[in-house]
Each structure stands twice: as structure tokens, then as C-alpha cells.
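Have a look at the structure below, then the notes.
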Amino acid sequence: VTPRPRPPAWLESLQERLLPEAVREEVAGDLREEWEAGLEAGRSPARLTLAAVRHTLVIAASFTVRGGGGGDSSLRSAARRILRAPGLAGTVVAGLALGVAGNTAILALAEAVLLRPLPFPASERLGMVSYDFSGSETDGFGLAWRDVEELRERAGGLDAVAGILDWQHVDLAGSGEPVRVPASFVGPRYLELLGVEPLEGRLFGEDENGLGDARAVVLLAAGLWRDAFGSDPSLLGSTVTLNGLPFTVVGVLPDERSDLRQRLGARAGLVLPLLTAESLLGEELRERRGSGALNALVRLREGRSWEQVGSELDRISGELAATFPDSNEGWSYHLESLAETFHGELRAPVAVLLGGAVLVFLLVAFNLSSLLAIRGVERRREAAVRRALGARGDALVRLVLHETLLLAVVGGALGLLAGRALLDGIRGSGLLDLPSFTTVSLTPRVVVISVTFLVALATLLVIVGSLPMLRGGVDRLRDGTRGTSDRGTSRLRGLLVAGEVALAFTLLVGAGLMLRSLDTLRGTGHGFDTDRMMTLRMELRGERWSSDDALRSAADELVTGGRGLEGVEEAFLWSPHTLGQASWVDLLTRVDRWDLHPAERLEAYRHHVLPGTLSRAGLDIVRGRDIEMADDAGARDVALVSESLARALWPGEDPLEQRIESRPAGAELRVREVVGVVEDARHRSRLIDPFGPQLDVYYPFAQWPMARLSLAVRLAPGADAETVASGVREVARAIDSDVPVFEVATFEQRMRDEEARARLTTLLVVAYAVLAALLAALGIYGVLARAVRDRTREIGVRMALGADRRTVVADVVRGGAVPLAAGAVAGGLLALVASRVAAAALYGVSPRDPVAFGLAAAVLALIGVIAVAGPALRASRVKPARALAE
Amino acid sequence: MTTAELGSFELVVMLSVMQVGAEGYSLSIRKEIERRTGREVRRGALYITLDRLVKKGLLESWMGESRPERGGRARRHYRATEAGREAVRATQASLRAMWDGLEEAQEGT
Numbered sequence: 016v017t018p019r020p021r022p023p024a025w026l027e028s029l030q031e032r033l034l035p036e037a038v039r040e041e042v043a044g045d046l047r048e049e050w051e052a053g054l055e056a057g058r059s060p061a062r063l064t065l066a067a068v069r070h071t072l073v074i075a076a077s078f079t080v081r082g083g084g085g086g087d088s089s090l091r092s093a094a095r096r097i098l099r100a101p102g103l104a105g106t107v108v109a110g111l112a113l114g115v116a117g118n119t120a121i122l123a124l125a126e127a128v129l130l131r132p133l134p135f136p137a138s139e140r141l142g143m144v145s146y147d148f149s150g151s152e153t154d155g156f157g158l159a160w161r162d163v164e165e166l167r168e169r170a171g172g173l174d175a176v177a178g179i180l181d182w183q184h185v186d187l188a189g190s191g192e193p194v195r196v197p198a199s200f201v202g203p204r205y206l207e208l209l210g211v212e213p214l215e216g217r218l219f220g221e222d223e224n225g226l227g228d229a230r231a232v233v234l235l236a237a238g239l240w241r242d243a244f245g246s247d248p249s250l251l252g253s254t255v256t257l258n259g260l261p262f263t264v265v266g267v268l269p270d271e272r273s274d275l276r277q278r279l280g281a282r283a284g285l286v287l288p289l290l291t292a293e294s295l296l297g298e299e300l301r302e303r304r305g306s307g308a309l310n311a312l313v314r315l316r317e318g319r320s321w322e323q324v325g326s327e328l329d330r331i332s333g334e335l336a337a338t339f340p341d342s343n344e345g346w347s348y349h350l351e352s353l354a355e356t357f358h359g360e361l362r363a364p365v366a367v368l369l370g371g372a373v374l375v376f377l378l379v380a381f382n383l384s385s386l387l388a389i390r391g392v393e394r395r396r397e398a399a400v401r402r403a404l405g406a407r408g409d410a411l412v413r414l415v416l417h418e419t420l421l422l423a424v425v426g427g428a429l430g431l432l433a434g435r436a437l438l439d440g441i442r443g444s445g446l447l448d449l450p451s452f453t454t455v456s457l458t459p460r461v462v463v464i465s466v467t468f469l470v471a472l473a474t475l476l477v478i479v480g481s482l483p484m485l486r487g488g489v490d491r492l493r494d495g496t497r498g499t500s501d502r503g504t505s506r507l508r509g510l511l512v513a514g515e516v517a518l519a520f521t522l523l524v525g526a527g528l529m530l531r532s533l534d535t536l537r538g539t540g541h542g543f544d545t546d547r548m549m550t551l552r553m554e555l556r557g558e559r560w561s562s563d564d565a566l567r568s569a570a571d572e573l574v575t576g577g578r579g580l581e582g583v584e585e586a587f588l589w590s591p592h593t594l595g596q597a598s599w600v601d602l603l604t605r606v607d608r609w610d611l612h613p614a615e616r617l618e619a620y621r622h623h624v625l626p627g628t629l630s631r632a633g634l635d636i637v638r639g640r641d642i643e644m645a646d647d648a649g650a651r652d653v654a655l656v657s658e659s660l661a662r663a664l665w666p667g668e669d670p671l672e673q674r675i676e677s678r679p680a681g682a683e684l685r686v687r688e689v690v691g692v693v694e695d696a697r698h699r700s701r702l703i704d705p706f707g708p709q710l711d712v713y714y715p716f717a718q719w720p721m722a723r724l725s726l727a728v729r730l731a732p733g734a735d736a737e738t739v740a741s742g743v744r745e746v747a748r749a750i751d752s753d754v755p756v757f758e759v760a761t762f763e764q765r766m767r768d769e770e771a772r773a774r775l776t777t778l779l780v781v782a783y784a785v786l787a788a789l790l791a792a793l794g795i796y797g798v799l800a801r802a803v804r805d806r807t808r809e810i811g812v813r814m815a816l817g818a819d820r821r822t823v824v825a826d827v828v829r830g831g832a833v834p835l836a837a838g839a840v841a842g843g844l845l846a847l848v849a850s851r852v853a854a855a856a857l858y859g860v861s862p863r864d865p866v867a868f869g870l871a872a873a874v875l876a877l878i879g880v881i882a883v884a885g886p887a888l889r890a891s892r893v894k895p896a897r898a899l900a901e
Numbered sequence: 050m051t052t053a054e055l056g057s058f059e060l061v062v063m064l065s066v067m068q069v070g071a072e073g074y075s076l077s078i079r080k081e082i083e084r085r086t087g088r089e090v091r092r093g094a095l096y097i098t099l100d101r102l103v104k105k106g107l108l109e110s111w112m113g114e115s116r117p118e119r120g121g122r123a124r125r126h127y128r129a130t131e132a133g134r135e136a137v138r139a140t141q142a143s144l145r146a147m148w149d150g151l152e153e154a155q156e157g158t
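Right, dumping it as C-alpha cells:
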């Protein structure tokens, strides 16, 4: 049973503040009674609350009008005065809320990413070491196990070194169907360095995770413990099967500490002793030197600087290269702080967001202060009357102070609420790739900074709102002069408005470009036929699958079994990665350039396929032939290359019958003859270099079998993906009952996910642009409205002297058109520069796209018309006689 | 003591209070007016008028019992005082006197 809704508590406090005491009980009771009756009648609580607020305000206002405003500067009378100009109050509250919301959310992010130390002991001394290769533009290569050990033995500036092999997966079989889970392999002291405490059980003992040996023990992340084992406490001390091998569970870790690189919201898995990777993954860790798959978590000795240790590591790299030139030539340790590793890439986007939020806040401040200044001018006469009646200056200031205070409190509170919502939105969106241990929240520090901003702004508003009233002395009553507008100030205002327009234009262009880019992404395919296509992966492990023949027959079984399933129109094998998610590369050279260093070879994505697979995937053979049954293990090694790869390897030459050589890590050199050229296709996410050259090489699976298999299935129209997936699981179980089928996904879903992020970024930019446009409109309006008000008398005189309305209106329009035009020109130039910087975020759209620029100009023109219309109309309605008499 | 005369909205409110009887309170008074005249009554105006009529001594009011549907608040009930009833009669009399001889301004003729 859901509890009966109640009106919100703030409604009551609003009534308490606004309603005169004599009728408060009665009115509040009546409104509540109506609220309840409305609920019975089936109306929504939100609508009822809105109605109650409206009635409260109207009733309070009625009593005010009757009571008349004396020199009462109490908060309640301030509220009533505000309600007499609800448009202005609404604008001020909305503006404040907007500024505070943006500031709060972005400040919280900035605090988490830029200011707060990482949540680890002595985190300022923790760092991560990877490998750089001289002359290579990519960095962050992994280290081999021996190179981690060298660091431990030789680097005096480090007081702790722990190897880590993460981003791995293992198959977990325990209860029910086997599942594939993420796994990290950590060296001795790794968990201790990060201050990880187990939730249940214990961490690894020294004898379980040693420098030279490791036992078969495992730690589970709490999430996995819950999902796979129902948080069963008896699991501790018992055995689970990982990749077919028995491991003893010794403890449970908090999710966010089980894997440092785990992203927010991602699934947590297992933590294993580093050297168990040898048996579990078949990695010969202890044998290798040079580059590898490990990183080293290190702690600087107290008192050492990053520069000192960095140069010490350079020296060690040099020594290693001299001693082991075969493996270590060209490789050098790269040290960076852990904060840099995890928050480094976030700093730039967060700084940009922060800049944006501060800018919006400043614009809000400018616009609101010009609005309140106008109101101050309007109230000069009122102030003059009050002073004539004996009111002192401080009473007048208190009047404005109370009004502004009320607006600031309401706007600020709304802003904080909206800021929290915005923060949740950003956090949940995946727009920022936050590590799971980074908590972003409205900490007291953030709230204090936000409120400080708000107080500063409110103070500014009180000053600009009350200054004109203070200047209006008693003499104003006598001569009634309207201030002729101050030239200097009005020029400054014009400049600021032009700046706002420029910013709005730039952001509008950005929004246009993002929209166009999203549109292009939607229109871009992979280049092969993805209709009703679903992919599934499996990975064969263990002795059974160590022979090529076994792998070949497993592949055949998988494909034949898949094709026989109901609801399957077509099925074919792809290996070693899933179709459309290429990740395995081969470093290729043409056979006559075997002298090239590995770093200079071409990096091509390799695909191991069966005869007929290419045409089934919808890929055309442009030249030569497809892979045939005859291309088996006994035959001459062959390969097909993509058009781009052919051009890259043999520019201007015929690729057919040319030979390529490859030497994949750990395998022997093979020379293959090119027998065909395949049309280019995007074998990776469409977001990764979609319009660049697509370098792909296709090998016959029979000549190079792999244990990593994936099945691509084209569903029959109307077939259910889930049913087919469980069919494929049956087929896989018949091949090996311990091997899970994982990464089941349809292309449709995958492409939608890809677009989701682009859609979100676009939404954000469009929101900023709309905001900037609104602020610009408000700015133009403010300046013109003030000008018209200041010059009412002058306009009256001119009209009395025979100027017609058209001239007067043209004058006002010109006042708006000048800053608008100046801003548009500046904004156009700014947009040209900014869009080139942002070009990396664009997808298949030129940063100078005329459509985006045209669109921005059109929106800006519309804004100009809207902002100018009001003041122009008011100017045209000035009655000469009245203007002069006032 | 001269008898007070009522403004037209005051008269309507007085009559409505008398129509709804002892259980009458602001909401039922307003509904009664709206039902009989077919016109919407502005809330603020009603509360102000009730307040004024009480201050003039033409209505008396008292708080009833606290009610759950009002969030524990009580209804304010109204009743015409002797002076109030006198004022209604006096107003009606003056109006009738003004109508005399204006057949076309009267309903149903």
C-alpha cells in the first residue's frame, strides 16, 4: 500500500511567512481541505500543490493591497512587494537557480577530480609505471614481469613496487552455468599499498602471493559474491573453478576496491595472486623481459620528488637496454602519479565544464544586475517620496536587501536542488569516465563555495538595486528629472551584450555541429551487413584444446550447430575477436622490408575466418579470390587484405601475389601470399577513426586456428534473440560444458549504445547553447529596456517636435542591432577557432559546416527580434504629453 | 445607533452566511455564492470581507474542532449577529426603496 500523498512541508512554511496571522489558520486549513478533496477527485498531488501555492500567493497579495505598503521593511512585506512584480521575481529566481545549479554540480566534479586526494594511504606518493617506446607516439605500453622485478631491485627512490595485470577475464564455474568475469592479477603488497580491507575473510598471505610463487587462492568482489553465490558465507574457504582449475576463496573485497581501473558502474570480479596468471592464462610471466602486459604500482620513498625518481628510472632503463638489448632496446620506464593515471584525462573536460559554469554565472550576474538596476531606477520616485516622509538611507537599503535576500534564498535553494539533480545526471550518464573509487557528491566544501558565490552575487544585486534609490534625493520630487543615460556605462553594457551574443553564437554553432555530427553517425554503418545480426563469444581452454585440429573441429561444430538452430537465418565464425569489435592486431611488413623495427611496421587488425564467411558477412572481394577449403593447414599460407592495407603496403602496385610477413608476440615469423583484396569495412566501433584508412588482414582459420571463437548469427525476421542465444549456449555446452558463452549482443543494441553517448554530449552542448542564447536575449532586452526608460522624456520631446513613431522605433531597434551584429561577427570568428579545437569530437562534419553556421545565425536573429520587440513597442507607445508632464 | 448599510459584495456574503447556517465556513460560504450567482468568487476578496464584517460586528465567528482533512486545523464558522441581520434588512429596504417605480429594472415583470 502506497502511503497517501500529503502536501509538501514547505507549503506550510510558505503560508506561515506570507499570510497575515489573523486569517492564516483559516486559509491554510481551507486550502488543505481543498487539497484533500482534489486528491479524492483523482487530481495529481503536484497540480494540487501548485494550485495551493497560487491561491496562497493571491490571497496574501489581496491582503497586501488592502493593507497598503508603508515603510515596512519586514520580510513579509518584502515578499508582498516582490509578488507585485512576479515577472521580475521569476526571472531573478530562475537566473540565480541556473547559476547556482551549474556551479554546484560542476564544482562537485572539480572537487572530486582536481582537488581531493585519492582515497588511498599516502596517495600523494603512489604512482603507476608503464613503458614508453622511443619514437612511438602511443604510450602506456605494459611491462614484462622481469622488468617489474628490476624496478623493485634497482630503484632506491621507491620503497614499494607491486606488479599488476588487469583487464583480464576468467571463466568462473561454481553453481549453475559458467560465467565470464573480470579478473585482476596483483603482485605482493599491491592490496596493502592501496589500503584495501576485506569485507569478509582475509587478504592473501605472504606464502600465497610471493615474489617467486603463488598459491591457487582468490578474492571475490562483493558484487560477484552476491550475484553468483547469493552472498553465501560458506563460500569462504571453499573451492571455485576458474578456467577449469580449482581455487580457494579466502576473502571478499568491496566492489570499488577490487579493481582500480574498474569504471563507475562497471561489473567487479576477481582478484588473484599475480603469478597464478601463468596457470590460468597460460602466460609465461617469469620468462619474459622487455614490454609485456603488466604495470607497476609504486610508492615513492618519503622525501623523494617525482623528478628525482623519474630520472632514476630513466637511468635504470638505460642500464637494462645495455644489458638486454634484444628485449629492452628503446623501452623506458614512464612514471606518473596515481592521480594523473586516474584523473589525468578528466582534468581537461572538467576544467572546460568549470570554465563554462563560471562564465554562465558571470553572465547571470551581469543580466540580473542590469535588470535590478532598471528596477532601482524605476523606484527612484518611490524612494524620493519615502525620504521626503523621513525614511533614512539605510531603511531604503534594507528594503532592497530584504527583497533580494528572499529571492536569493529561494533561487539558491532551487539551484542547490537542481545542482544535485544535474550531478546525478552527469554521474549516471557515463559522459565522464570516472573510476569507481571516485565519489562525486555535494561535500560541505562544495556547498560552502557555491553559497559564497551566491552571497557575492546577492550583495552585488543589493548594491545595484539600491544605488539608484539612494541617489534619488528629495530634489527628484521637485524637478522629476529622469536621468539621462550615462554614456560610459551604456557603452560598457553594449560591449557586454555583444560579448554575450558572441558566446551564444559560438555555442549555437557548436550545438549545430554536434547535431549534424550525430546525424552523420546515425547514417554511418560498419560497411558489412549488420541487419538482425547478433554476436556471441566463447573461449576454449585447457589441454583438450591445445591442438590445432581440436580447434578446427570445435569451430566447425559451433558453426554447424548455430546454423541448425531455429530462428537463425545465417551463422558464421569470426575469430579471435567478435565481428565489429576488432582488437587483435598484427604488425605487418611486406616481405622485402623485414629490416623494419616492430614500431615501424603497419598495425593491421587480423581476422581469422572460414571459407565463405566474408560473403556471408556482406563483404565484397574486390580483387582475387576468397579463402577456399583448399587453404588448409597443409597448403601454402595465404591472406586477404583490405583495400586500404593494400594501398598502404604496395602503393601503386598490384597487391596480388605479393607476400607479407608477420611476427605476432610469442609466435614464429610467417610469410603469407596475398590472394585477394577485400572492400574496406569498419571493423571497430564506428566512433574510432571511421573515415580513416581501414587496415585489416584476413587469414584462413584452418591455417591459424585460435581458441577465441565468436559466432555471428543473423536472426530470421521476427526471431527472438534470447531464444537463439540460449540455443547457441546449448551448442557451446556440447563442445565444452565448462566454457561460458559471453558478450551476447545485437548490433542494433551496440550501435544504439554508441549513439547514446554522442546523443548525451549533443544534449549538453545544445543545453548550454540555449542557455547562452536566452542570456543574450535577456542582456539585449535589459539594455534596450533601460535605454527606453531613461530616454522616455527625450522620446516624448522628439515626438512632440514632430518625430514620427517609425523614427523612434528605428532608433531603439538600432540600439539592439549594433551589439547584436558586433557580437555575431565576433562570435563567428570565435566559432571558427573553437570548432577547429573541437573537431576531434565531430563525426564526419567539417568544423566550418555552413549549415551549422547558418542555423546559429538564424537562431540569433530570432532572439534579436524577440528581445528588441518589447522595448521598441514601449517606445512607440510613448505619449508625448504624458512623458513631458511626468 | 444608526444601522450600517452594506456594499453589494458584503450583502452577498452576509446572505450566504445566513443561507448555509450554523455549519457554514469559508469554503461552504463561497460555494453557496457561486452556486446561487453562477459567478466565481475571488478567494482573497471573500476572506477580506469576512474579516471586515467580523470587525464591524455584523458577523461573529468561532473556531470549530480540529479536523484531519485540514491537517489538524479547525474550521472558522460564521454567524450573523443581531446587528448583522439588522444591516441586511436595512440594506434590502433601501434597495427596495430605490427600485420603486422602476418596473423595467426588476426581474420577472
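Residue numbers (the working numbering), protein chains in the order written: chain A, 16 to 901; chain B, 50 to 158.
All residues carry an ideal CB built from backbone N, CA and C; glycine is no exception.
Under DSSP, no beta-bridge partner is assigned to residue 856 of chain A. Residue 595 of chain A and residue 646 of chain A have their C-alpha atoms spaced approximately 24 Å apart. The contact set of residue 45 of chain A on chain B, defined by CB atoms closer than 7 Å, consists of 75, 76 in chain order. Judged by DSSP secondary structure, residue 188 of chain A falls within the beta strand (DSSP E) whose first and last residues are 173-188.
Rounded to the nearest angstrom, the Cβ distance from residue 713 of chain A to residue 625 of chain A is 11 Å, too far for a contact under 8 Å.
Contact with chain A is absent for residue 127 of chain B, since none of that chain's Cβ atoms lies less than 8 Å from the residue's Cβ.
Around the beta carbon of residue 587 of chain A, 16 or more other beta carbons lie within 10 angstroms, which makes this residue buried. Chain-ordered listing is empty here: chain A has no CB closer than 9 Å to the CB of residue 142 of chain B, the nearest sitting near 29 Å. Contact of residue 68 of chain A with chain B by beta-carbon distance below 8 Å is absent, the smallest such distance being about 13 Å. When C-beta distances to chain A are compared with 8 Å, the residues of the segment 104-127 of chain B below that value are 112, 116, 118, 119, 120, 122, 123, 124, 125, in chain order.
Residues of chain B whose Cβ lies closer than 7 Å to the Cβ of residue 42 of chain A are, in chain order, 96. At a C-beta separation below 7 Å, residue 74 of chain A has these neighbours in chain B: 92, 93, 96. Residue 149 of chain B has a beta carbon lying at 8 Å or more from every beta carbon in chain A.
Short of 7 Å from the beta carbon of residue 229 of chain A, and not among the five residues preceding or following it, lie these beta carbons of its own chain, in chain order: 223, 288, 289, 290, 291. In this structure residue 79 of chain B touches residue 90 of chain B by the C-beta definition: roughly 5 Å separates them, less than 8 Å. Along the segment 750-768 of chain A, none of the residues has a CB nearer than 9 Å to a CB of chain B. By the criterion of at least three beta-carbon pairs nearer than 8 Å, the segment 858-867 of chain A is not in contact with the segment 775-783 of chain A.
Annotated as distal: residue 740 of chain A and residue 553 of chain A, with beta-carbon spacing of 8 Å or more.
Three or more beta-carbon pairs separated by less than 8 Å are not found between the segment 298-306 of chain A and the segment 260-267 of chain A, which leaves the two stretches without contact.
Within chain B, no residue has its CB atom less than 7 Å from the CB of residue 61 of chain A, the nearest being about 18 Å off.
Inside the segment 751-796 of chain A, DSSP marks whole beta strand (DSSP E) runs of 3 or more residues at positions 757-761, from first to last along the chain.
Looking at A:193, A:37, A:22, the one whose alpha-carbon comes closest to that of residue 49 of chain A is A:22.
DSSP places residue 288 of chain A in the strand class (E or B) of the three-state scheme. For residue 18 of chain A, the number of other beta carbons within 10 angstroms of its own is below 16, and it is reported as exposed. Collapsing the DSSP output to three states places residue 224 of chain A in a strand.
For residue 63 of chain B, there is no enclosing beta strand (DSSP E); the enclosing alpha helix (DSSP H) covers residues 57-69. A:771 is the residue among A:401, A:771, A:677 whose C-alpha sits nearest the C-alpha of residue 532 of chain A. For residue 343 of chain A, the secondary structure class from DSSP, reduced to helix, strand or coil, is helix. For residue 417 of chain A and residue 394 of chain A, the gap between their C-alpha atoms comes out near 15 Å. Against chain B, a Cβ distance below 7 Å from residue 37 of chain A picks out 100. A residue is called buried once 16 or more other Cβ atoms fall within 10 Å of its Cβ, and residue 538 of chain A, having fewer, is exposed. The C-beta of residue 48 of chain A comes closer than 8 Å to at least one C-beta of chain B. Under the three-state reduction of DSSP, residue 332 of chain A is assigned to helix. Relative to the Cα of residue 270 of chain A, the nearest Cα in the group A:286, A:264, A:255 belongs to A:286. For residue 252 of chain A and residue 300 of chain A, the gap between their C-alpha atoms comes out near 27 Å. Contact between residue 545 of chain A and residue 758 of chain A fails: their C-beta atoms lie close to 16 Å from each other, not under 8 Å.
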